[in-house]
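Engineer: First, the structure itself, so that you have it in front of you.
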Amino acid sequence: MSEAPAAPHAVSGDDIGLLVRPPQARAGWRLLPARVGAMCAVELQKLRHDRTELYTRAVQPALWLLIFGQTFTRIRAIPTGGIPYVDYLAPGIIAQSAMFIAIFYGIMIIWERDAGVLSKLLVTPTPRSALITGKAFAAGVKSLVQAAVVLVIAALLGVALTWNPLKLLGVAVIVVLGSAFFSCLSMTIAGIVLSRDRLMGIGQAITMPLFFGSNALYPVSVMPGWLQAVSEANPLSYEVDALRGLLLGTPHHLTADFLVLLVAAALGITAASALLGRLAR
318 MSEAPAAPHA VSGDDIGLLV RPPQARAGWR LLPARVGAMC AVELQKLRHD
368 RTELYTRAVQ PALWLLIFGQ TFTRIRAIPT GGIPYVDYLA PGIIAQSAMF
418 IAIFYGIMII WERDAGVLSK LLVTPTPRSA LITGKAFAAG VKSLVQAAVV
468 LVIAALLGVA LTWNPLKLLG VAVIVVLGSA FFSCLSMTIA GIVLSRDRLM
518 GIGQAITMPL FFGSNALYPV SVMPGWLQAV SEANPLSYEV DALRGLLLGT
568 PHHLTADFLV LLVAAALGIT AASALLGRLA R
């Protein structure tokens, strides 16, 4: 004989409630980590499938360390507190490489607008701040890969860097925060100019002043007064100061550097989120 049919599952009050009421949408703060993780995963997938960007972007920092660093180490024209100039330069080149990756990130969001991707993202329940934060920290992921390349080059050149895991973790946090700010700066400019050509021109116009107006190449003490004021308002200076202190053990203001970069990244995310809708019009 066949077995008796199983008794039907009793419908509970919770099941009836789900049938009557649709499930509540997740709050923005719950979507934020998922969106950030998704964007970072996408960037890692791009790097895994096409590594040529890593090789080409490694050329410029290698030239800075090999040519500029080695030459000025011999000249000894820049006071560096008793450490070789190439050692002094290496953290600045890490920050520079990360900035150069992030500062043109707005071009990608304009490309997404032209391809129709951005409008599709904006009609999803995902908050705009989550989209911008995801893209900002995706830029940080790419910058971390670039920073690792620069660290390897610096180690091959004999730069006396620390390999303390906690300090390297601090380096990663600082690089991500700096890249998040500069990518948001780029996306904010994209929301204003709305054109890839204009954004490219502005990006090229501001990258070198940001770089030379920081302490990446020389101490603040040797700058003229007006340039010192520019350096104090330049987030890149705080990033370099923190990297130099963590990697080389030079005097630094790590807590202040971290807070400045954190506030700068938060302000950048806020500004870029406010202008994101303008790109989709």
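Residue numbers (our numbering): 318 to 598. Cβ coordinates follow ideal geometry from the N, Cα and C atoms, glycine included.
#1: Measuring only the C-alpha atoms, how far is Leu361 from Gly451?
#2: With a Cβ-Cβ cutoff of 8 Å, do Phe499 and Ala550 count as a contact?
#3: Would you kindly work out how many angstroms separate the C-alpha atoms of Ala489 and Leu461, rounded to a whole number?
#4: Check whether the Cβ atoms of Ala597 and Arg430 sit closer than 8 Å, and answer yes or no.
#5: Please give me, in chain order, every unbroken run of the alpha helix (DSSP H) with length at least 4 that falls completely inside the region 433–463.
#6: Using CA atoms only, rank isn't needed, just tell me which of Gly386, Asp404, Leu383 and Arg393 is closest to Gly566.
#7: Put Gly399 into one of helix, strand or coil per three-state DSSP.
#8: Would you please state the rounded distance, in angstroms, between the beta carbons of Tyr422 and Met356? I believe it to be under 8 Å.
#9: Consult DSSP for Ser319 and reduce its assignment to one of helix, strand or coil.
#10: What does the alpha-carbon distance come out to for the pair Leu553 and Ala412?
#11: From Gly475 to Ala453, what does the alpha carbon distance come to, in whole angstroms?
#12: Give the single residue among Gly518, Tyr555 and Ala522 whose Cα lies nearest to the Cα of Ser531.
#13: Are the Cβ atoms of Thr390 and Pro378 separated by less than 8 Å?
#14: Do the region 577–595 and the region 442–451 touch if we need at least three Cβ pairs shorter than 8 Å?
#15: Tell me, to the nearest whole angstrom, how far the beta carbon of Ser548 is from that of Val539; I am working on the premise that it is less than 8 Å.
#16: Just verifying my parser: in three-state terms, what is the DSSP assignment at Ser548?
#17: Could you name the residues of the same chain whose beta carbon sits closer than 6 Å to that of Leu571, not counting the 5 residues immediately before and after it, in chain order?
#18: In chain order, what residues of the same chain have a beta carbon less than 6 Å from the beta carbon of Leu406, not counting five sequence neighbours either side?
#19: Consult DSSP for Ile420 and reduce its assignment to one of helix, strand or coil.
#20: Just curious, the alpha helix (DSSP H) that Arg393 is in, first and last residue?
#21: Give me the Cα-Cα distance between Leu578 and Ala432, rounded to the nearest whole angstrom.
#22: Cutting at 7 Å between CB atoms, please list the residues of its own chain near Ala581, excluding the five before and the five after it.
#23: Measure the Cβ-Cβ separation of Cys501 and Ala588 and say whether it is below 8 Å.
#24: Does DSSP classify Met356 as helix, strand or coil?
#25: Can you tell me whether Leu261 is buried or exposed? The criterion is at least 16 other CB atoms within 10 Å of its CB, across all chains shown.
#26: Here's a check: name, in chain order, each residue in its chain whose Cβ is nearer than 6 Å to the Cβ of Thr397, leaving out the five neighbours to either side.
#27: How would you write the range of the alpha helix (DSSP H) that Ile586 sits in, first residue to last?
Structural biologist: Per the coordinate set shown:
#1: 13 Å
#2: no
#3: 7 Å
#4: Contact: yes.
#5: 434–439
#6: Asp404
#7: coil
#8: Contact flag wrong, Cβ pair sits at about 11 Å.
#9: Only weak support is given to the placement of Ser319: the predicted model assigns it a pLDDT of 49, under 50, and the question is left unresolved by the model.
#10: Using only the alpha carbons, I get a separation of about 7 Å.
#11: 33 Å
#12: Tyr555
#13: Taking 8 Å as the Cβ cut-off, Thr390 and Pro378 do not qualify as a contacting pair.
#14: yes
#15: The pair is not a contact, with the Cβ atoms about 11 Å apart (cut-off 8 Å).
#16: helix
#17: Ala559 and Gly562
#18: Excluding residues within five positions, the ones whose Cβ falls inside 6 Å are Gly386.
#19: coil
#20: In the DSSP assignment, Arg393 falls outside any alpha helix (DSSP H) and carries neither an H nor an E.
#21: Straight through space, the alpha carbons of Ala432 and Leu578 are spaced by roughly 32 Å.
#22: Phe498 and Pro552
#23: yes
#24: helix
#25: Residue numbering for the chain in the displayed model covers 318 to 598; residue 261 lies beyond these limits and cannot be assessed.
#26: Tyr405
#27: Leu571 to Ala597
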